[in-house]
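Residue numbers (my numbering), protein chains in the order written: chain S, 378 to 458; chain A, 41 to 254.
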Amino acid sequence: AFRAHFHRTYEVDSEEFNRRRVYFQNATERHAYLNSFSTMSQSAKYGINQFSDLSQKEFKDLYLRVVPDKAPIFSGLKTPG
Amino acid sequence: LPARFDWRDKAVVAPVQNQGACGSCWAFSVVGAMQADHAIGGSQLEQLSVQQVLDCSYQNAGCSGGSPSRALSWLNQTKLKLVPRSEYPYKAKTGICHFFSQSHEGVSVKDFSTYDFSGQEEAMMGQLVAHGPLAAIVDAVSWQDYLGGIIQYHCSSHWSNHAVLIIGYDTTGDIPYWIVQNSWGTTWGDEGYVYIKIGGNICGIADSVAAVFL
Chain S
378 AFRAHFHRTY
388 EVDSEEFNRR
398 RVYFQNATER
408 HAYLNSFSTM
418 SQSAKYGINQ
428 FSDLSQKEFK
438 DLYLRVVPDK
448 APIFSGLKTP
458 G
Chain A
41 LPARFDWRDK
51 AVVAPVQNQG
61 ACGSCWAFSV
71 VGAMQADHAI
81 GGSQLEQLSV
91 QQVLDCSYQN
101 AGCSGGSPSR
111 ALSWLNQTKL
121 KLVPRSEYPY
131 KAKTGICHFF
141 SQSHEGVSVK
151 DFSTYDFSGQ
161 EEAMMGQLVA
171 HGPLAAIVDA
181 VSWQDYLGGI
191 IQYHCSSHWS
201 NHAVLIIGYD
211 TTGDIPYWIV
221 QNSWGTTWGD
231 EGYVYIKIGG
241 NICGIADSVA
251 AVFL
């Protein structure tokens, strides 16, 4: 169902399928942990999405590519004088 | 400050984009702030070229990563005009910088500010209302699994790795939150948006926040 929903082309029982299935299983374990903190109805929910068959390293390498810069601390709006 | 403020209500926020398999979030956040500010100034909302920033901002590394403040610094120094997205479409890969003549229509930066608002998120709300959507950097490691709702946990400050556009806030409910536009398409999160609790610098949302002036 995941492959159909997110248009994945890897074949069942291929090397990639087996690898991605492990990442998917790891993701479901993460979701249980992350959701255990969500006690209020407005709290964040975690679950299956388009990134669920990526390893955490793959996700970081692809999508988390910002080079952080340190910014000066905000010290209030400047006013004349 | 109003209890709730959302720049989408003023029709100055462009639809959620999808950066694809390219580390271009830094360019999407900067261009998102610029095109919103341009519309706030009275122009028709027009999507500007992310690919132009990606290809031409040599201090950054295109799809391999970059920094919103470095991109803004470059835009401010060069006064380069960003052309409409239709003239320089997004390709999700770094390419050769296309040059346009000075007479070509486009939008340039007049100035920008970048501040650390940690511990001062109410002042950050003021910046958002006064100056338009803000480009910010966040820790988005746990966002791999995010589906919706307000993030309160599992997000560190001071370990930023992703850039986003803050377009509003809501303090009317039990948990006050920032309304944040991401660039991972509309199938991610809540139609492409993520909500982060205000206060405590959750996800490092206040670590480095840029406002653009056009």
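Built from N, CA and C at the ideal position, the CB exists for glycine as well. All values reported here derive from a predicted model rather than from experimental measurement.
Exercise for the section: Look at the Cβ atom of A/ILE219, then the Cβ atom of A/TYR233, and state whether they are nearer than 9 Å. Expected result: yes
Handout entry: A/VAL52 and A/VAL149 closer than 9 Å at C-beta
Key = no
Handout entry: Listed by chain order, chain S residues near A/PHE269 by CB distance under 9 Å
Key = Lying before the first or after the last residue shown, residue 269 of chain A is absent from chain A, which here runs from 41 to 254.
Handout entry: Same chain, Cβ closer than 7 Å to A/TYR155, five either side skipped, listed in chain order
Key = VAL249
Handout entry: Positions along the stretch 392-404 of chain S whose CB lies within less than 9 Å of some CB in chain A
Key = ALA404
Exercise for the section: Kindly indicate which three-state DSSP category A/TRP183 falls into: helix, strand or coil? Expected result: helix
Problem - Sequence-distant residues of its chain with Cβ nearer than 6 Å to A/SER196 (five each side left out) - result: ASP179
Problem - Residues that DSSP places opposite S/LYS422 in a beta bridge - result: Bridge partners of S/LYS422: A/GLY188.
Exercise for the section: In angstroms with no decimal places, state the Cα-to-Cα distance between S/LEU431 and A/ALA176. Expected result: In this structure, the straight-line span from the alpha carbon of S/LEU431 to that of A/ALA176 is close to 25 Å.
Exercise for the section: Report the partner residues of A/TYR235 according to the DSSP bridge assignment. Expected result: A/ILE190, A/ILE219
Exercise for the section: Tell me, please, which residues DSSP counts as bridged to A/ASP46. Expected result: A/GLY208
Practice task
Measure from the alpha carbon of A/LYS133 to the alpha carbon of each residue in A/GLY60, A/GLY229, A/GLU161, A/ARG110, then state which is nearest.
Solution key: A/GLY60
Problem - Status (buried if at least 16 other CB within 10 Å, exposed otherwise) for A/PRO42 - result: exposed
Exercise for the section: State the CB to CB distance for the pair A/SER158 and A/ALA246, rounded to an integer number of angstroms; the pair is presumed to be in contact (CB under 8 Å). Expected result: 5 Å
Exercise for the section: Could you list which residues in chain A have their beta carbon closer than 8 Å to that of S/ALA378, in chain order? Expected result: In chain order: nothing, as chain A lies at least about 15 Å away.
Exercise for the section: Compile a chain-ordered list of the residues in the stretch 97-119 of chain A whose CB is closer than 7 Å to at least one CB of chain S. Expected result: SER104, GLY105, GLY106, SER107, SER109, ARG110
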